[in-house]
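Student: Provided herewith is a single structure, encoded as structure tokens, for subsequent inquiry.
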Amino acid sequence: MLTDRIAVVTGGAEGIGLEVCRQLANKFDTVFLTARDTETGEAAVEQLGLSNVVFFQLDLNDALSITHFADFLQEWFGKVDILVNLDSIGAVEVTEAYEVAMEGLHTNYYGTKRVTEAFIPLLHSSSDGRIVIVSSGWLLLRIFNEELKRELNDMENPTEELVNESLTNFLGAEPRSWPTVFAAYTAAMNACTRILARAHPDLRVNCVYPGYVYPGVLSPEEGAGNVTTVALQPGGPTGQYFALGKVTHFL
Numbered sequence: 001m002l003t004d005r006i007a008v009v010t011g012g013a014e015g016i017g018l019e020v021c022r023q024l025a026n027k028f029d030t031v032f033l034t035a036r037d038t039e040t041g042e043a044a045v046e047q048l049g050l051s052n053v054v055f056f057q058l059d060l061n062d063a064l065s066i067t068h069f070a071d072f073l074q075e076w077f078g079k080v081d082i083l084v085n086l087d088s089i090g091a092v093e094v095t096e097a098y099e100v101a102m103e104g105l106h107t108n109y110y111g112t113k114r115v116t117e118a119f120i121p122l123l124h125s126s127s128d129g130r131i132v133i134v135s136s137g138w139l140l141l142r143i144f145n146e147e148l149k150r151e152l153n154d155m156e157n158p159t160e161e162l163v164n165e166s167l168t169n170f171l172g173a174e175p176r177s178w179p180t181v182f183a184a185y186t187a188a189m190n191a192c193t194r195i196l197a198r199a200h201p202d203l204r205v206n207c208v209y210p211g212y213v214y215p216g217v218l219s220p221e222e223g224a225g226n227v228t229t230v231a232l233q234p235g236g237p238t239g240q241y242f243a244l245g246k247v248t249h250f251l
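If you read the sequence shown in UniProt numbering, its first letter stands for residue 1, the second for the next number, and so on.
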């Protein structure tokens with residue numbers, strides 16, 4: 001099975017994620033579409049109607065769920081060629097109750113980190129391992145509080161521990177508005193992407209802001225295209241942040 005090309009898309013059951021699975025199915029032998037809810041994931045696979053898109057139940061907040069999936073992939077395929085994380089901080093809706101939204105941001109951020117770390121050995125087993133973290137809130141970063149932005153940029157040798165410490169201190173200092181909290185988690189995830197890229201130079205690790213999908217503004221196909229274009233670039237860059245298809249600043 002090592003000759004098969006394997007893609008994993010977390011949060012692939014709806015919206016851009018569903019379209020990312022469709023587009024990757026043209027390039028990969030098997031695409032695993034994951035979702036926390038089994039019924040939702042199975043319905044998404046049925047909607048796509050593609051024989052090489054397969055559902056696998058995955059809860060990013062459950063370490064056993066992540067380990068089970070990684071072990072399954074190791075046993076049957078021995079590698080993963082690309083991991084696309086859509087199940088990150090962008091999955092939370094602004095319309096949710098504040099406490100629920102804050103919990104969602106926290107768990108999705110750390111869940112995305114956990115699944116990425118668990119898949120690193122599988123990605124190293126590929127001849128061209130790639131990680132794409134789909135990042136929301138690019139426009140919010142334009143108005144982001146300078147406090148955390150400066151701290152993250154000024155780190156001489158940033159580590160995940162330092163990033164998480166800065167994030168925790170920033171959020172715990174005083175009550176923060178929704179946009180500020182959302183942007184803080186986005187900035188921390190972007191910083192961790194750069195750290196991953198430096199720690200694993202043989203992998204291609206990038207962040208992508210796909211755009212705001214809305215009728216008349218951007219279609220799901222176009223948004224997903226902004227993701228898959230970065231994911232599939234031959235000999236593409238690493239440690240970069242792409243917004244609407246172009247390299248831009250992280251913060």
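Quick reminder that beta carbons are idealized off the backbone N, C-alpha and C, glycines included.
1) Buried or exposed for PHE72, please, with buried defined as at least 16 other CB atoms from any protein chain shown within 10 angstroms of its CB.
2) Pick helix, strand or coil for ASN52, following the three-state DSSP scheme.
3) Within 10 angstroms of the Cβ of ASP37, are there 16 or more other Cβ atoms? Answer buried if so, exposed if not.
4) Using only CA atoms, which one of LYS79, ARG5 and ILE133 lies nearest to ALA188?
5) How about ALA118 and THR159: do their beta carbons lie closer than 9 Å?
6) Using the three-state DSSP reduction, which class does ARG5 fall into: helix, strand or coil?
7) Find the nearest neighbour of ARG5 within the set GLU14, GLN23, GLN74 and LYS27, judged by alpha-carbon distance.
8) Would you give the residue range spanned by the alpha helix (DSSP H) that ARG36 belongs to?
9) Grouping DSSP H, G and I as helix and E and B as strand, with all else coil, what is PHE77?
10) Anyone know if the C-beta pair for THR34 and GLY12 falls short of 9 Å?
11) So if DSSP puts TYR209 in a beta bridge, which residue, or which two residues, is it bridged to?
12) Rounding to the nearest angstrom, what Cα-Cα distance links ARG114 and LEU60 in this structure?
13) From this set, THR229, PHE69 and VAL84, which residue's C-alpha is nearest GLY78's C-alpha?
14) ARG194 to PRO237, Cα distance in whole Å?
15) Kindly list the residues whose CB is nearer than 7 Å to the CB of GLY245, restricted to its own chain and excluding five residues on each side of it in sequence; keep chain order.
16) Would you mind sorting TYR241 into buried or exposed? The rule is 16 or more other CB atoms within 10 Å of its CB.
17) As a quick exercise: from TYR209, GLY111 and GLY239, pick the residue whose alpha carbon is nearest that of ALA63.
18) List the endpoints of the continuous alpha helix (DSSP H) containing TYR20.
19) At what residues does the alpha helix (DSSP H) containing VAL134 begin and finish?
20) Report the residue from ALA43, GLY41 and VAL53 whose alpha carbon sits nearest the alpha carbon of ARG22.
21) Classify ARG130: buried if its beta carbon has 16 or more other beta carbons within 10 angstroms, exposed otherwise.
22) Given a cut-off of 9 Å, decide if VAL84 and THR186 are closer than it, judged by their beta-carbon atoms.
23) Pull up the distance between the alpha-carbon of SER219 and that of LEU122, whole angstroms please.
24) Let me confirm a value: GLU19 is counted as buried when at least 16 other C-beta atoms fall within 10 Å, else exposed. Which label applies?
Tutor: Per the coordinate set shown:
1) exposed
2) coil
3) exposed
4) ILE133
5) no
6) coil
7) LYS27
8) Per DSSP, ARG36 belongs to no alpha helix (DSSP H) and is neither H nor E.
9) Under the three-state reduction of DSSP, PHE77 is assigned to coil, being neither helix nor strand.
10) yes
11) TYR209 pairs with ALA243.
12) 7 Å
13) PHE69
14) 12 Å
15) ASN226 and THR229
16) buried
17) GLY111
18) The question names Tyr, but residue 20 is Val in the sequence shown. Unbroken alpha helix (DSSP H) run through VAL20: 15–24.
19) No alpha helix (DSSP H) holds VAL134; the beta strand (DSSP E) holding it covers 130–134.
20) Each of ALA43, GLY41 and VAL53 was checked against the Cα of ARG22, and the nearest Cα belongs to VAL53.
21) buried
22) no
23) 32 Å
24) buried
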